[in-house]
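The structure appears below as structure tokens.
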Amino acid sequence: MLVQHLERTRDAFVTASDGLSDAQYRFAPASDGWSIAQIVEHVALVELRILEVIGRLPQAPAPSDGKARGAGRIESIDYIAEVATGRIVLITSSAAVRRDVLEKTGGFGSFPNGQDSELWVRIASLWPVAISTRVTAAYRQQAGGISDRKRRDAFGRPPRSLAELSPAAARPLALRADAPEPRRRVYDAYVDRYLHWRLRAAISDRDFVTIREIRHLYERRPSAVDLALLWIGRLPGPLALFLYRAGRFS
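In terms of this note's numbering, the sequence shown opens at residue -18 and continues consecutively.
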């Protein structure tokens, strides 16, 4: 109920302040009065804190079975459902896949990006997936690689479809058609998670074009957090950036 109230009042606030110029945002009626920009800043920060308090901000999820993992434990997981919660459960460089599974799925697709994540969705829709907590590989990240270059190329070019966002985000749409209702909700949550990640990346990169244009890809109402982030993105750039930083989103 509280979250719904926040969403209704935010929508009314956005409607009332939409279309104002930067000068109008910053105008204060008196030296001791607040400008619209200051009011928006205050309201946005309070809302983000309320959402955080009531547990609506993304947090590290608990293991799927609710039990603590000991060293070297191996367990089966619902890969798609785990990713939908925001949990990174698989790094391609440390994954092992049976040869016959790769042969039956056709291996990696010919996409410009996200080939590995798309393959994991295809595999997880047909075979069980297991993970181990034992450390068996070292994952090294460094700047200037293929991922960074593709991220730079995407700056200011919001995806026009889920397929452009990531083939892994588009794949569940094909699976969703014949899935029972509970599974459809899992696929929907998986797609929404990819949209959230893209939104967070755009915020980190200060890519306001993408922040303002990505809304049309949401087939369902965005989460309370995403709605707040999308709303902030409609404000003048400096004010939006300040609020994202204050909310620890950039």
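Positions of the beta carbon are idealized from the N, C-alpha and C atoms, including for glycine.
{"Asked": "P109 versus R103: straight-line alpha-carbon distance, rounded", "Found": "11 Å"}
{"Asked": "Outcome for W212 when other beta-carbon atoms lying within 10 angstroms are tallied against a minimum of 16", "Found": "buried"}
{"Asked": "Nearest neighbour of I69, chosen from W178, I192, S204, G90 [CA to CA]", "Found": "W178"}
{"Asked": "Cα-Cα separation, I13 to F223", "Found": "Note that residue 13 corresponds to Asp in the displayed sequence, not to Ile. In a straight line, the C-alpha of D13 is about 22 Å away from that of F223."}
{"Asked": "Inter-stretch contact at 8 Å, needing at least 3 Cβ pairs: the segment 167 to 174 / the segment 195 to 203", "Found": "yes"}
{"Asked": "Sheet register partners of S113 (DSSP bridge)", "Found": "I55"}
{"Asked": "Per-residue DSSP class, three states only, for I72", "Found": "coil"}
{"Asked": "S91 versus R80, S147, P217, residue with shortest Cα-Cα distance", "Found": "S147"}
{"Asked": "Cutoff 6 Å; reference G95; Cβ partners in own chain excluding five residues on either side", "Found": "S147, P148, A149"}
{"Asked": "Three-state class that DSSP yields for P39 in the structure shown", "Found": "Residue confidence for P39 is low, a pLDDT of 46 falling below 50, so the modelled location carries little weight; the figure read from the coordinates is stated next. Note: P39 maps to coil in three-state DSSP."}
{"Asked": "Residue burial classification, L143 (beta-carbon count within 10 angstroms, cutoff 16)", "Found": "buried"}
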